[in-house]
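Student: Sequential numbering of the sequence shown, starting at 1, is according to full-length UniProt numbering.
Backbone N, C-alpha and C fix where the C-beta goes; we use that ideal spot for every residue, glycine too.
Quick one: this structure, given as structure tokens, is what I'll be asking you about.
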Amino acid sequence: MSTSRDPKTLVETSYRLLDRTTNPFHRHIIQTYIRRLVLEVTGRAEEFLEFAVEDAHFMATLIVPACIETKGVQETKATLSKLKEHFRCFVEDSVVMVSDDGLFHSYYFHHLIPGSVMIELNKLEDQDGNKIEAGTTYERVGKYNHFIRFNSEGRIVQESNGQCGPDKLIKCSEDSQPTLEEVKNRLNPILESLPKWTPYSG
Numbered sequence: 001m002s003t004s005r006d007p008k009t010l011v012e013t014s015y016r017l018l019d020r021t022t023n024p025f026h027r028h029i030i031q032t033y034i035r036r037l038v039l040e041v042t043g044r045a046e047e048f049l050e051f052a053v054e055d056a057h058f059m060a061t062l063i064v065p066a067c068i069e070t071k072g073v074q075e076t077k078a079t080l081s082k083l084k085e086h087f088r089c090f091v092e093d094s095v096v097m098v099s100d101d102g103l104f105h106s107y108y109f110h111h112l113i114p115g116s117v118m119i120e121l122n123k124l125e126d127q128d129g130n131k132i133e134a135g136t137t138y139e140r141v142g143k144y145n146h147f148i149r150f151n152s153e154g155r156i157v158q159e160s161n162g163q164c165g166p167d168k169l170i171k172c173s174e175d176s177q178p179t180l181e182e183v184k185n186r187l188n189p190i191l192e193s194l195p196k197w198t199p200y201s202g
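Quick look at the structure:
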């Protein structure tokens with residue numbers, strides 16, 4: 001598999017789906033999802049909660065064995081505030097589907113994460129039994145399925161982001177990876193191009 005390390009890979013498939021989607025509610029969902037992804041990887045993850053219902057339920061396997069589950073905007077915001085600068089990623093083999101019930105995204109995930117964060121999440125060894133090093137950045141590679149359920153206003157009601165099989169950790173040089181500022185410069189124009197988010201009114 002060839003991999004582009006461009007963070008825009010995260011949203012390219014969603015944009016292609018948006019281009020050929022005519023159903024207005026489905027377009028609203030796709031645009032909300034694109035906005036949600038960009039906010040997350042540019043260090044502004046808490047902001048996507050502005051278009052979630054107050055009691056939204058979130059569950060994500062950030063890294064095995066850490067399954068993070070939160071209920072409600074305030075609990076989720078507290079969790080995201082601790083991790084919001086550690087979502088730099090790019091994807092490949094991405095498939096996106098949308099329906100009246102929500103949006104499904106399947107992809108191979110390349111997530112850049114410091115060893116210190118993994119240790120805090122109780123990830124102490126890599127797939128070969130080597131000890132995780134706090135001062136090292138790792139690239140986490142694995143297949144994930146992401147499903148988001150929306151209500152009739154296009155607000156996020158429930159998210160589930162699950163890992164399909166074991167992931168792989170690869171030591172990498174921080175100098176060879178895009179910085180958070182570089183990710184922002186690449187993706188912020190996408191946010192600016194999207195219409196202002198408002199509840200869907202039909």
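Taking the C-alpha atoms as reference points, what is the distance between tyrosine 200 and alanine 52?
Tutor: Within the sequence shown, the letter at position 200 stands for residue 200. Within the sequence shown, the letter at position 52 stands for residue 52. Those two C-alpha atoms are separated by around 13 Å.
Student: If you draw a straight line from the alpha carbon of valine 11 to that of glutamate 133, how long is it in whole angstroms?
Tutor: Looking up residue 11 in the sequence shown gives position 11. Looking up residue 133 in the sequence shown gives position 133. Rounded to whole angstroms, valine 11 to glutamate 133 spans 31 Å at the Cα level.
Student: Rounded to whole angstroms, what is the Cα-Cα separation between serine 193 and arginine 35?
Tutor: What you label residue 193 is simply residue 193 of the sequence shown in a count that begins at 1. What you label residue 35 is simply residue 35 of the sequence shown in a count that begins at 1. Rounded to the nearest angstrom, the two C-alpha atoms are 10 Å apart.
Student: Who are the Cβ neighbours of leucine 37 in its own chain at under 7 Å, not counting the five residues just before and after it?
Tutor: In the sequence shown, residue 37 corresponds to position 37, counting from 1. The residues are Leu10 and Val11.
Student: Any idea which residues DSSP pairs lysine 82 with across the strands?
Tutor: Locating residue 82 in the sequence shown gives position 82, counting from the first residue. Lysine 82 pairs with nothing; no bridge assigned.
Student: What is the DSSP secondary structure of residue 205, reduced to helix, strand or coil?
Tutor: Not covered by the structure: residue 205. The range shown for the chain is 1 to 202.
Student: Suppose the cutoff is 8 Å on Cβ atoms and the five residues either side in sequence are ignored; what does the same chain contact list for phenylalanine 25 look like?
Tutor: Residue mapping note: residue 25 aligns to position 25 of the sequence shown, counting from 1. Here the set comprises Asp100, Gly154, Tyr200 and Gly202.
Student: Excluding the five sequence neighbours on either side, which residues of its own chain have a C-beta within less than 7 Å of the C-beta of serine 14, listed in chain order?
Tutor: Start at 1 with the first residue of the sequence shown, and residue 14 comes out as number 14. Cβ neighbours of serine 14 beyond the five flanking positions: Ile30, Tyr33, Ile34 and Val96.
Student: Just to confirm my understanding: we take threonine 42, look at its own chain, exclude 5 residues before and 5 after, and list those with CB closer than 7 Å. What are they?
Tutor: In the sequence shown, counting from the first residue as 1, residue 42 sits at position 42. So the qualifying residues of the chain are Val183, Lys184, Leu187 and Asn188.
Student: Please report the straight-line C-alpha distance between valine 141 and tryptophan 197, rounded to a whole angstrom.
Tutor: The residue labelled residue 141 in the question sits at position 141 within the sequence shown. The residue labelled residue 197 in the question sits at position 197 within the sequence shown. Rounded to the nearest angstrom, the two C-alpha atoms are 32 Å apart.
Student: Roughly how many angstroms separate the alpha carbons of serine 2 and tyrosine 107, rounded to a whole number?
Tutor: Numbered from its first residue, the sequence shown carries residue 2 at position 2. Numbered from its first residue, the sequence shown carries residue 107 at position 107. Residue confidence is low: serine 2 scores 39 on pLDDT, short of 50, so the model does not pin down where it sits. No coordinate-derived value is stated.
Student: Taking only the alpha-carbon atoms, compute the straight-line gap between threonine 79 and isoleucine 68 and give it to the nearest angstrom.
Tutor: On the sequence shown, residue 79 is found 79 positions in, with the first residue counted as 1. On the sequence shown, residue 68 is found 68 positions in, with the first residue counted as 1. C-alpha separation (whole angstroms): 9 Å.
Student: If we ignore side chains and look at the alpha-carbon of each, how far apart do phenylalanine 48 and aspartate 6 end up?
Tutor: As a working note, residue 48 is residue 48 in the sequence shown. As a working note, residue 6 is residue 6 in the sequence shown. One C-alpha to the other measures close to 22 Å.
Student: Spatial neighbours of arginine 27 within its chain, please: CB distance less than 7 Å, with the 5 preceding and 5 following residues excluded, ordered by chain position.
Tutor: Start at 1 with the first residue of the sequence shown, and residue 27 comes out as number 27. Same-chain partners within the cutoff: Leu18 and Thr21.
Student: Considering just the uninterrupted stretch of the alpha helix (DSSP H) at glutamate 192, what are its terminal residues?
Tutor: Along the sequence shown, one-based indexing puts residue 192 at 192. Glutamate 192 -> alpha helix (DSSP H) spans 180–193.
Student: For glutamine 163, tell me which candidate among Val157, Lys143 and Phe150 has the shortest Cα-Cα distance.
Tutor: Locating residue 163 in the sequence shown gives position 163, where the first residue counts as 1. Ranking the options by Cα distance to glutamine 163, first place goes to Lys143.
Student: Let me know if lysine 123 comes out buried or exposed under the rule of 16 or more other beta-carbons within 10 Å of its beta-carbon.
Tutor: Within the sequence shown, numbered from 1, the residue matching residue 123 stands at position 123. Burial call: buried.
Student: Rounding to the nearest angstrom, what Cα-Cα distance links glutamate 85 and glutamate 174 in this structure?
Tutor: Your numbering for residue 85 matches position 85 in the sequence shown. Your numbering for residue 174 matches position 174 in the sequence shown. Rounded to whole angstroms, glutamate 85 to glutamate 174 spans 14 Å at the Cα level.
Student: Could you compute how far the alpha carbon of serine 116 sits from the alpha carbon of glutamate 139?
Tutor: As a first step, residue 116 must be located in the sequence shown, where it is residue number 116. As a first step, residue 139 must be located in the sequence shown, where it is residue number 139. So the alpha carbons of these two residues sit roughly 13 Å apart.
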